[in-house]
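Each number in the numbering used here comes from the position in the sequence shown (counting from 1) with 19 added on.
We treat Cβ as the ideally placed atom computed from N, Cα and C, and that holds for glycine.
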Amino acid sequence: MGATKCDDDGPAIGIDLGTTYSCVAVWRQSHNRVEVIANDQGNFTTPSCVAFTDAWRLIGDAAVNQAAMNPVNTIFDVKRLIGRHFGDASVQGDIKTCTWPFKVVSGPSDRPMIVVQYMDEEKQFEAEEISAMVLGKMRETAEAYLGTAVQNAVITVPVYFTDSQRQATIDAGTIAGLNVLRIINEPSASAIAYGLGKMSPSDVLKTARV
20 MGATKCDDDG
30 PAIGIDLGTT
40 YSCVAVWRQS
50 HNRVEVIAND
60 QGNFTTPSCV
70 AFTDAWRLIG
80 DAAVNQAAMN
90 PVNTIFDVKR
100 LIGRHFGDAS
110 VQGDIKTCTW
120 PFKVVSGPSD
130 RPMIVVQYMD
140 EEKQFEAEEI
150 SAMVLGKMRE
160 TAEAYLGTAV
170 QNAVITVPVY
180 FTDSQRQATI
190 DAGTIAGLNV
200 LRIINEPSAS
210 AIAYGLGKMS
220 PSDVLKTARV
């Protein structure tokens, strides 16, 4: 996974939005390499997990650290729900077999909605909204490292994702305040990342903009 620098719009980051963990990287032309960015805990991967409490919304490591005490309001695995309908066989199968401690219900247009207690109120969130929170955390991680605002991103998805799931991932990026330049298949991202060490910066730029 990698990213390039957009000439007019600031740096572009690459985000691997994973089911369990996510990470973010940027192409550093001064170092002639892609750098995976550590989060505020010093980790290069961040749990794709969001938790809600009476006072806080927690994302990543902070969410995982309190999961045992607050399981019904600690949300993970949303990649299994994004871009799907509640009635889809895969969603119903996941609800039965994944034994999620949180509640998933049918919302408008049969969209799966995640039910939580947040600030003493019942709230319902779409999978895109939860994913947007994780993407926002990745954006903040990159901004803290780069010392500048970040708007542009390339996001990876599994090769089997449908058009609906890909569009939902773009929507999540938009909610997070990102301009999603491209959705790229995870195997392709891995191949590009492998090849970056063998490519000139100009070739990297051309590859990422294809």
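| Item | Value |
| --- | --- |
| Delimiting residues of the beta strand (DSSP E) encompassing Gln143 | 140-145 |
| Contacts around Glu54, its chain only, beta-carbon distance under 7 Å, and the 5 residues preceding and following it disregarded | Ala44, Val45, Arg47 |
| For Ile203, the three-state DSSP class (helix, strand or coil) | strand |
| Bridge partner(s) assigned by DSSP for Gly106 | Looking at the DSSP assignment, Gly106 forms no beta bridge with any residue, so it has no partner. |
| C-alpha distance - Ala82 paired with Val69, whole-angstrom precision | 6 Å |
| Residue ranges of each alpha helix (DSSP H) within the stretch 105-190, 4 or longer | 108-116, 146-165 |
| Asp26 to Asn171 span [Cα, whole Å] | Only weak support exists for where Asp26 lies, its pLDDT of 44 falling under 50; the coordinates are left without a value. |
| Bounding residues of the alpha helix (DSSP H) (the contiguous stretch that carries Ala81) | 80-84 |
| Euclidean distance between Cα positions of Cys234 and Ile34 | One cannot answer for residue 234 here, as it falls past the ends of the chain, which runs 20 to 229. |
| Contact the stretch 58-73 vs the stretch 147-156: 3+ CB pairs below 8 Å | yes |
| For Ile34, the first and last residue of its enclosing beta strand (DSSP E) | 29-36 |
| From Arg103, Ile203, Asp129, Leu165, residue whose alpha carbon lies closest to that of Thr175 | Ile203 |
| Span separating the alpha-carbon of Ala74 from that of Asp139 | 8 Å |
| Separation of Gln143 from Cys117, as counted between CA atoms | 20 Å |
| Phe105 beta carbon less than 7 Å from that of Asp129 | yes |
| Residue from Pro131, Glu159, Arg158 whose Cα sits closest to the Cα of Arg17 | Any answer about residue 17 is impossible in this case: the structure gives the chain only from 20 up to 229. |
| Buried or exposed (CB count within 10 angstroms, at least 16 for buried), Asp190 | buried |
| Span of the beta strand (DSSP E), counted from its first residue to its last, around Val97 | Counting along the chain, Val97 falls outside any beta strand (DSSP E), and DSSP gives it neither H nor E. |
| Assigned secondary structure, Thr193 (DSSP; H/G/I helix, E/B strand, else coil) | helix |
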